[in-house]
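Asker:
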Amino acid sequence: MSWEPDEMMSVAAARELRDVTACFVGIGLPSTGANLARRTHSPDLVLVYEAGAVGAKPPRLPLSIGDGMLGETADYIAAVPEIFNYWVQPGRIDVGFLGAAQIDRFANINTTVIGDYDHPKVRLPGAGGAPEIAASCGEVIVIVRQSPRAFVETVDFITSVGHGDGPGSREKLGLIGNGPTKVITDLGILEPDPETCELVLTHVHPGVEADQAREATGWELKVADDLVTTDPPTDEELRELRELVAAR
Amino acid sequence: MSWEPDEMMSVAAARELRDVTACFVGIGLPSTGANLARRTHSPDLVLVYEAGAVGAKPPRLPLSIGDGMLGETADYIAAVPEIFNYWVQPGRIDVGFLGAAQIDRFANINTTVIGDYDHPKVRLPGAGGAPEIAASCGEVIVIVRQSPRAFVETVDFITSVGHGDGPGSREKLGLIGNGPTKVITDLGILEPDPETCELVLTHVHPGVEADQAREATGWELKVADDLVTTDPPTDEELRELRELVAAR
Amino acid sequence: MRTHAEITSLEDAVADLVHDGDIVALEGFTHLIPVAAGQELIRQRKRDLTLVRMTPDIVYDQLIGAGCARKLIFSWGGNPGVGSLHRFREAIQTGELEIEEHSHAGMANRYVAGASGLPFAVMRGYNGTSLPEHTDTIKPIACPFTGEQLTAVPALGLDVGIIHAQQADRQGNVQLWGQTGVQKETVLGAKRSIVTVEEIVDELVPKPYAVVLPRWVVTRVCEVPGGAKPSYAQDYYDRDNDAYKAWDAISRDKEKFAAWLETL
Amino acid sequence: MRTHAEITSLEDAVADLVHDGDIVALEGFTHLIPVAAGQELIRQRKRDLTLVRMTPDIVYDQLIGAGCARKLIFSWGGNPGVGSLHRFREAIQTGELEIEEHSHAGMANRYVAGASGLPFAVMRGYNGTSLPEHTDTIKPIACPFTGEQLTAVPALGLDVGIIHAQQADRQGNVQLWGQTGVQKETVLGAKRSIVTVEEIVDELVPKPYAVVLPRWVVTRVCEVPGGAKPSYAQDYYDRDNDAYKAWDAISRDKEKFAAWLETL
């Protein structure tokens, strides 16, 4: 079967959730990826949504992070302060998914504002749950389409800390999670270099060249020596994904 | 009908709960008084118990502050941290009842230790919920049998602050409630003087002389010029009280 | 001393309890959003409000577009699943609307501090982000036992807390269930409160995951069936997703918005 | 990474998870007191424990009398409705037992800090009492916004949290209901946890006022019917008040206590 770039992103996201216990989910591609994982290789994956559902088992993709169906299928519903104070803050969630309007080479993320804060060119929605997810989840997976507008030398605002200004930054800031371990784009997957923390292209999706990713990046993107091609979505993955997206 | 001193204390306590919305209740005489009030003049009185029951309507006297019956008849059950943080601390409870092993002329209360803290003569149960009830309830009613051992010049340990060392003490300490407004004993009722905050005997129970109260007090007890005799328990009060105590 | 919530019309509740210049929160995290109450604020032309809400959505877009707000305290402003809030966005981009911006965790803790009667709350957050540079209500605080540097956020100091719930009884005890967000804290942390409900019932039957607000901490209860539409009220009605989508075109165009405002 | 609670015997759970010298809390506020688990600690002759509990009651009297505890962190020690705990009282009066004493509000906030992954919590309390003179874990803290002087208490740093619940499912999800005290915080604030349950069921049905502890934050689940006796387990059995009264005579007399210990 052939597939769309967004489908490849969702499938790649789902695959990262093997052997993960609990995952913090937003709406959009993260939700699609997490629900796909639960329907394929990880039926016991615990989905935690910021409006309070812990262990949600949605039969379709939720319309909002507080969709009634999430609460109805949850193992239990927590109040919002409890979600952040008892679940996110102490690092009880293994994986948090985040999106980005801008991301820099150390995977710092901006979802607040393009341009100057006080005189913004474009005002974005803001932080939501992202800063604390980025700080405290075991690891963070960023899902974002790759383009020079999004992959920038310097973000206009640090909404959520990735690897700060490089090695040791997170420790200095007292952030208990490991930060972004994967950035999944429509072109491939970037991972922080274990030494420098700089994002390196480690995977390209089938049919994508490394140069395409370089061109879609606002800094001089490093490419791994052992660059691999992502396994294409399997028929089962695509079937489950399309069923999930079609269910309304 | 004739009555026992403890019955007079319970009846006097119940009478203090007219026009009160919410009352924090412990076990023993306070619980008896509060439940008597609910059964007589104040059917809508909200009883709050520290184990979590808000609006409990017990059909009999509870065996413990977490008696199952309290939860089963409550308007709702809160977790213990919520009881103290959301209900007691912000001053949402109008009246708190406290007992005392020792009490001084400013109604400071000791329920911790008799003698030296590190080498106690008698170790008592300790603070429980009392310090914050004393600090933050709208007013505090103390229920304690009067004797020179209990009514002392200086308490060995301040478990719960009454009026500190006199006028202005509570304000200086940042305590939001008004502190003890009544001390109900088996002999009468003491109230803090509005000027000096010192406890003054304002009521004697029927058949009690002021001198008896003086002799049962370890400091030179002041007696109000307009000392009044408490109304004796009515037949209805006694009937309801005895029914309540008998129900097991 | 308050013993019961007063049961009145929404019109009276808003007229009596919300004053120009007040700090007002309308909460409901995608579920039970008090839309009818928000629109009553617009109808009564309340002005200079400091509006508080974790997730300003279309009813806040309406309030901002209608000129009710002087300032917005929030953590995520968007039309969930649809896109931007154009009135909100424009008001910020033109500098018409003052903002005080937090994360969800920061806002949740500000609500908790208010409900607890404390001036502030402590959390582990904001370190390394740009938020403290732009938001005065984020300050460092050291643990007196370990020396660890944490973050303090102040209580919100709400004048009025407004929520929508499924049910109240005739004394004004309120019960809401499903995903209940920060609604308990919104009422407990406010000087005055308005709860609109789907229905007033003789007796509240305890439900799993319910929040109960006893009668003496609620100022007003107003029966407003459908008061959370187009959001949803569990066991009453579903989210009207088309209305969320349709809002985009109205919000995007100033004239269409003005015309919409006329129909309110 | 832990994905499920392991279901084992109580004997194995205590042997595997509780080590001499650990900081251990057994919680349950008059309801669902984990008595069987406490007595298993005695049977396995655990030593030098720092025992934590808001309301040390007869099972703590037993643990202290049996010599398991080096230190007690607590807020109210008594036999509720009966009188004193004589082993507890004697151990303090003779100086055998180190104590760290708080109020209920202080203890509750220490549990909350632990569950929140914070080193401390802030409260309005203790001002003017003698407690701060004798308890090092009470310190002043100033609000960074208003300057108001408040009180800080540290997280408990529990090694093991032990509670009793009504039900667990086969994956180790736990549900308890009724008055649930600080049990959620006891499990969430501990490195390891043991939950004894009345029964293991195929499916947990959500209940009003329930606390649910998901499978991956619970270390062990042990099926121990009657494990809270002589306290009560709502919907399973009532408090055995006579047992509480009978304990007084045993606890009061050292020889009777020694004889009781032999029978355990």
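Chains as they are written, first to last, in the working numbering: chain A, 675 to 922; chain B, 675 to 922; chain C, 6 to 269; chain D, 6 to 269. We put the beta carbon where it would ideally sit given N, CA and C, even for glycine.
Hey, quick one: how far does the alpha helix (DSSP H) through His877(A) stretch, first residue to last?
Answerer: On the first sequence, residue 877(A) is found 203 positions in, with the first residue counted as 1. First-last for His877(A): Leu873 to Val878, but that is the beta strand (DSSP E), not the alpha helix (DSSP H).
Asker: Does any residue of chain D bring its CB to less than 8 angstroms from the CB of Ala801(B)?
Answerer: Along the second sequence, read from residue 1 onward, the residue named residue 801(B) stands at position 127. Output row for Ala801(B): interface = yes.
Asker: Given a limit of 8 angstroms on CB to CB distance, which residues of the stretch 697-729 of chain A reach chain D?
Answerer: Answer in chain order: Asp718, Val720, Val728 and Gly729.
Asker: Skipping 5 residues on each side, what residues in its chain have a beta carbon closer than 8 angstroms to that of Asn782(A)?
Answerer: Counted from its first residue, the first sequence places residue 782(A) at position 108. The answer, listed in chain order, is Val829, Ile832, Ser834, Val835, Gly836, His837 and Gly838.
Asker: Express the C-alpha separation of Ser89(D) and Gly183(C) in angstroms, rounding to a whole number.
Answerer: Within the third sequence, residue 183(C) is the residue found at index 178, counting from 1. Within the fourth sequence, residue 89(D) is the residue found at index 84, counting from 1. Going by the C-alpha atoms only, they are around 44 angstroms apart.
Asker: How about Ile63(C) and Pro149(D): are their beta carbons less than 8 angstroms apart?
Answerer: In the third sequence, the residue the question calls residue 63(C) occupies position 58. In the fourth sequence, the residue the question calls residue 149(D) occupies position 144. No, Cβ-Cβ distance for Ile63(C) and Pro149(D) is not below 8 angstroms.
Asker: Could you run through the stretch 762-777 of chain A and flag, in chain order, every residue whose CB is less than 8 angstroms away from some CB of chain D?
Answerer: Gln763, Pro764, Gly765, Arg766 and Asp768
Asker: Is the stretch 113-129 of chain C in contact with the stretch 82-98 of chain D, if contact means three or more CB pairs nearer than 8 angstroms?
Answerer: No: fewer than three Cβ pairs fall under 8 angstroms.
Asker: Which two residues bound the contiguous alpha helix (DSSP H) that contains Ala233(D)?
Answerer: Locating residue 233(D) in the fourth sequence gives position 228, counting from the first residue. Counting along the chain, no alpha helix (DSSP H) covers Ala233(D), and no H or E run does either.
Asker: Give, in chain order, every residue of the stretch 180-198 of chain D whose Cβ lies closer than 9 angstroms to some Cβ of chain A.
Answerer: Gln180, Lys189, Glu190, Leu193 and Gly194
Asker: Are the CB atoms of Gly851(B) and Ala804(B) nearer to each other than 8 angstroms?
Answerer: On the second sequence, position 177 is the one that residue 851(B) refers to. On the second sequence, position 130 is the one that residue 804(B) refers to. Taking 8 angstroms as the Cβ cut-off, Gly851(B) and Ala804(B) do not qualify as a contacting pair.
Asker: In the stretch 62-103 of chain D, which residue ranges form an unbroken beta strand (DSSP E) of at least 3 residues, counting only runs that do not cross its ends?
Answerer: 74-79
Asker: What's the C-alpha gap between Glu65(C) and Gly43(C)?
Answerer: Here residue 65(C) refers to the residue found at position 60 of the third sequence. Here residue 43(C) refers to the residue found at position 38 of the third sequence. Per the sequence shown, the amino acid found at residue 65(C) is Tyr instead of Glu. Their Cα atoms are separated by approximately 8 angstroms.
Asker: What does the Cβ neighbour count give for Ala921(B), buried or exposed, with the cut at 16 atoms within 10 Å?
Answerer: As a first step, residue 921(B) is located in the second sequence; it is residue number 247 there, counting from the start. Its Cβ having fewer than 16 others within 10 Å, Ala921(B) is exposed.
Asker: How long is the line joining the alpha carbons of Pro755(A) and Phe79(C), rounded to whole angstroms?
Answerer: In the first sequence, residue 755(A) corresponds to position 81, counting from 1. In the third sequence, residue 79(C) corresponds to position 74, counting from 1. For Pro755(A) and Phe79(C), the distance between alpha carbons rounds to 15 angstroms.
Asker: Helix, strand or coil: which one does DSSP assign to Phe758(B)?
Answerer: For this step, residue 758(B) is matched to residue 84 along the second sequence. Phe758(B): helix per DSSP, three-state reduction.
Asker: Quick one: list the residues of chain C neighbouring Thr852(B), beta-carbon separation under 9 angstroms, in chain order.
Answerer: By one-based count along the second sequence, residue 852(B) stands at place 178. With the sequence shown as reference, residue 852(B) is identified as Asn, and Thr is not the correct amino acid for it. Near Asn852(B) there are no residues of chain C at all, since even the closest Cβ is about 13 angstroms away, more than 9 angstroms.
Asker: Let me make sure I understand the geometry here. Which of Val23(D), Ile38(D) and Ala173(D) has the alpha-carbon closest to that of Leu46(D)?
Answerer: The residue given as residue 46(D) occupies position 41 in the fourth sequence. Closest by alpha carbon: Val23(D).
Asker: What does Thr828(A) touch in chain C if you count any residue whose Cβ is under 8 angstroms from its own?
Answerer: Working through the first sequence from its first residue, we reach residue 828(A) at position 154. Per Cβ cutoff of 8 angstroms: no residues; Thr828(A) is ~12 angstroms from chain C at best.
Asker: Looking at the structure shown, is Glu203(D) part of a helix, part of a strand, or coil, going by DSSP?
Answerer: What you label residue 203(D) is simply residue 198 of the fourth sequence in a count that begins at 1. Reduced to three states, the DSSP call for Glu203(D) is strand.
Asker: Near Val826(A), what residues of its chain come up, given a Cβ to Cβ distance below 7 angstroms and the 5 sequence neighbours on each side ignored?
Answerer: Translated into the one-based positions of the first sequence, residue 826(A) becomes position 152. Cβ within range, chain order: Gln776, Asp778 and Gly892.
Asker: Answer with buried or exposed for Glu793(B), where buried requires no fewer than 16 other C-beta atoms within 10 angstroms of its C-beta.
Answerer: Position 119 of the second sequence, counted from the start, is the residue given in the question as residue 793(B). In the sequence on display, residue 793(B) carries His and not Glu. Label assigned to His793(B): exposed.
Asker: So Asp243(D) contacts chain B; which residues on that side make the cut at Cβ distance below 8 angstroms?
Answerer: Sequence index remark: in the fourth sequence, residue 243(D) carries index 238 (1-based). What Asp243(D) touches in chain B: Gly742.
Asker: May I have the straight-line CA-CA distance separating Thr268(C) from Gln49(C), to the nearest angstrom?
Answerer: Start at 1 with the first residue of the third sequence, and residue 268(C) comes out as number 263. Start at 1 with the first residue of the third sequence, and residue 49(C) comes out as number 44. Cα-Cα distance, rounded: 14 angstroms.
Asker: I need the straight-line Cα distance from Leu68(C) to Ala74(C), nearest angstrom please.
Answerer: Reading the third sequence from its first residue, position 63 is the one you call residue 68(C). Reading the third sequence from its first residue, position 69 is the one you call residue 74(C). Each residue's Cα considered, the two are about 7 angstroms apart.
Asker: Name, going along the chain, the residues of the stretch 201-227 of chain C whose beta-carbon falls closer than 8 angstroms to a beta-carbon of chain D.
Answerer: Pro211, Lys212, Pro213, Tyr214 and Ala215
Asker: In angstroms, rounded to a whole number, what distance separates the CA positions of Tyr791(B) and Ile858(B)?
Answerer: To locate residue 791(B), count along the second sequence from 1; it is residue 117. To locate residue 858(B), count along the second sequence from 1; it is residue 184. Cα to Cα, the separation comes out at about 28 angstroms.
Asker: Identify the contact partners of Asn784(B) in chain E, using a Cβ-Cβ distance below 9 angstroms as the criterion.
Answerer: The chain labelled as chain E is not found among the protein chains of the depicted structure, namely A, B, C and D.
Asker: Quick one: what's got a C-beta closer than 8 angstroms to Asp860(A)'s C-beta in the same chain, skipping five residues either side?
Answerer: For the purposes of this step, residue 860(A) is identified with residue 186 of the first sequence, where counting begins at 1. Closer than 8 angstroms at Cβ, skipping near neighbours: Pro679, Asp680, Met682, Met683, Arg819, Gln820 and His879.
Asker: Just to confirm the assignment, what range does the alpha helix (DSSP H) spanning Thr55(D) have?
Answerer: Indexing the fourth sequence from 1 puts residue 55(D) at position 50. Here Thr55(D) belongs to no alpha helix (DSSP H); instead the beta strand (DSSP E) covers Leu54 to Arg58.
Asker: Return the chain-ordered ranges of every alpha helix (DSSP H) run that is complete within the stretch 106-165 of chain D and spans a minimum of 4 residues.
Answerer: 109-120 and 136-139
Asker: Report yes or no: is there a C-beta of chain D within less than 8 angstroms of the C-beta of Thr695(A)?
Answerer: Numbered from its first residue, the first sequence carries residue 695(A) at position 21. So yes, Thr695(A) belongs to the interface.
Asker: Any idea which residues DSSP pairs Val897(A) with across the strands?
Answerer: In the first sequence, the residue the question calls residue 897(A) occupies position 223. DSSP lists Leu875(A) as partners of Val897(A).
Asker: So who's on the other strand from Tyr750(A), going by DSSP bridges?
Answerer: Along the first sequence, read from residue 1 onward, the residue named residue 750(A) stands at position 76. Tyr750(A) is bridged to Val728(A).
Asker: Assuming Ala748(B) and Ala730(B) form a contact by the criterion Cβ under 8 angstroms, report the distance between their Cβ atoms to the nearest whole angstrom.
Answerer: Within the second sequence, numbered from 1, the residue matching residue 748(B) stands at position 74. Within the second sequence, numbered from 1, the residue matching residue 730(B) stands at position 56. About 5 angstroms separates the two Cβ atoms, so the contact holds.
Asker: Identify whether Pro679(B) lies in helix, strand or coil by the three-state DSSP scheme.
Answerer: In the second sequence, counting from the first residue as 1, residue 679(B) sits at position 5. Pro679(B) falls in the helix class under three-state DSSP.
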